[in-house]
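Right, one structure below, let's go through it.
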Amino acid sequence: MAHLNLYSKIFTTLAIAAGFGLLTVPATAGTLSLFNPSDIIKENQTVEINAQILMTNDAFSLEVLFNDLEGSLNEQDDNYDAIGDARFDIGSYIDFLGYVGYTHRKEVVMPTSSDTVRLLYQASNDLDLDIGESYDLDLKMEGFAAHGIMFANNFSVYQENGWDVNIGIGLELLYGVEMQDGYVRGNAITTAVNDYDFNMQSNYLYTENYLYDLDVESSHAYGYSTHLSIQAAYENISFSYVMNDLLGKLYWKDLPYSDVFLTSGTKSYDENGYVKYTPVISGVERTKDYTQTLMQKWRLEAKYTFENATLQLGNDRIYGINMPYVRYQYTHENDLTVGYNYETKFGMFGVDMRFQNYHFSIHADDLIDPSGMRASLGMHYTF
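Converting from the sequence shown to the numbering used here requires adding 770 to each position, the first position being numbered 1.
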């Protein structure tokens, strides 16, 4: 069947780019890679190292995603969401500066219409199409990769009547090295069991073009981002709110940009009679200076503490995608803390472990063939 090169490159290569190459976040509840200024350990002569990777989608297992979509599709009527999110942080606390550290971030979000995913899957696996069926094609993408320097601190602002309120702030100075920002929209109609026509329009900014083959010069950006955290505790109950990229911008210089139409005017067929396309492209391809606004990410959480255990309820949110979760944590007599986490959007279950100055976590929606996976690793070292 027709090989949708223009879709599959975006769907798989972007996911690979976001999911690998980085490994943050302490072993706490939640799913996204959030930097929480309130978690800073305010001790001199210490080093904190935290790393995390999240890769999840609700269309394919990870094995299918990285194997040219050979396998099964998780069919649904709603849009599909794919998230790749990762960061690495290493830093120290200094009395007169607060926390100072290096960070490497990489993230991408791709909401995609069910018709787009279905046609992509059928075409990639040479499945017969229903003649005359129409498809509403819609794929969005937004993401970036950057290095940076982090400055952060937290402060106790209220300690009366049993309340303890803490506010944390963070500032990242960023150097952007990769970005994707744009959409593909259009329609397709099947003309035979092994053939279809399509018309699409794309407005697309990028450092590498995954939509169609086009060599471009590299681009880079300078920018910043701000983070905020608020924690309030009263007796056994506490609440926390963490927002990353509250205000975040990357200022790209000479960034490649395409505003084009793509049609199925050029066809060829493989040895089995399935259509292959080299899309006819018309429109504008140029470079321009561009300001990218970073996606806000937040976590809202409530926690109840028992004698040796805690129960947490919360929600992570990015790009309008909510990921509610529940977590139970128990501390054993040997200083080993074990937490069990369940996230409801992608159905990931996880185990988090902390022993002395080390932590580790692994989450997945399936032990054998997961479509979502999150892992974290970190340590706190005192000289």
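Glycine included, C-beta positions come from ideal geometry on N, C-alpha and C.
Since we're looking at a predicted model, the values are computed, not measured.
{"Item": "How should TRP1022 be labelled, buried or exposed, when 16 other C-beta atoms within 10 angstroms of its C-beta is the threshold for buried?", "Value": "buried"}
{"Item": "Would you report the Cα separation of ASP1015 and HIS1102, rounded to the nearest angstrom?", "Value": "36 Å"}
{"Item": "Taking Cβ positions, are ASP1146 and ALA856 nearer each other than 8 Å?", "Value": "This sequence places Ser at residue 1146; Asp is not what is there. For SER1146 and ALA856, no; Cβs fall outside 8 Å."}
{"Item": "Residue ranges of each beta strand (DSSP E) run of no fewer than 3 residues wholly in the stretch 1035–1123, ordered along the chain?", "Value": "1037–1039, 1045–1047, 1050–1063, 1067–1075, 1079–1088, 1091–1101 and 1106–1113"}
{"Item": "Identify whether ALA893 lies in helix, strand or coil by the three-state DSSP scheme.", "Value": "helix"}
{"Item": "Is ASP809 helix, strand or coil when you go by DSSP?", "Value": "helix"}
{"Item": "How would you write the range of the beta strand (DSSP E) that GLU1005 sits in, first residue to last?", "Value": "Taken as a continuous stretch (DSSP letters only), GLU1005 belongs to no beta strand (DSSP E), as it is neither H nor E."}
{"Item": "Less than 8 Å between the C-beta atoms of SER1028 and SER972, yes or no?", "Value": "yes"}
{"Item": "On the DSSP letters alone, give me the boundaries of the alpha helix (DSSP H) that VAL834 sits inside.", "Value": "832–835"}
{"Item": "I'd like to know whether the C-beta atoms of GLY1084 and GLY861 end up nearer to each other than 8 Å.", "Value": "no"}
{"Item": "Counting Cβ pairs, one atom from each stretch, are 3 or more of them under 8 Å apart for the stretch 829–838 and the stretch 937–948?", "Value": "no"}
{"Item": "Report the residue from GLU1077, ALA893 and SER1008 whose alpha carbon sits nearest the alpha carbon of ALA962.", "Value": "ALA893"}
{"Item": "Should SER1141 and ASN806 be called a contact, given that it needs their Cβ atoms to be closer than 8 Å?", "Value": "no"}
{"Item": "Going along the chain, which unbroken runs of the beta strand (DSSP E) with 3 or more residues stay wholly within the stretch 873–936?", "Value": "904–928"}
{"Item": "Between which two residues does the beta strand (DSSP E) carrying ASP967 extend?", "Value": "965–976"}
{"Item": "Give every residue of the same chain whose Cβ lies closer than 7 Å to the Cβ of GLY932, excluding the five residues on either side of it in the sequence, and list them in chain order.", "Value": "TYR1004 and GLU1005"}
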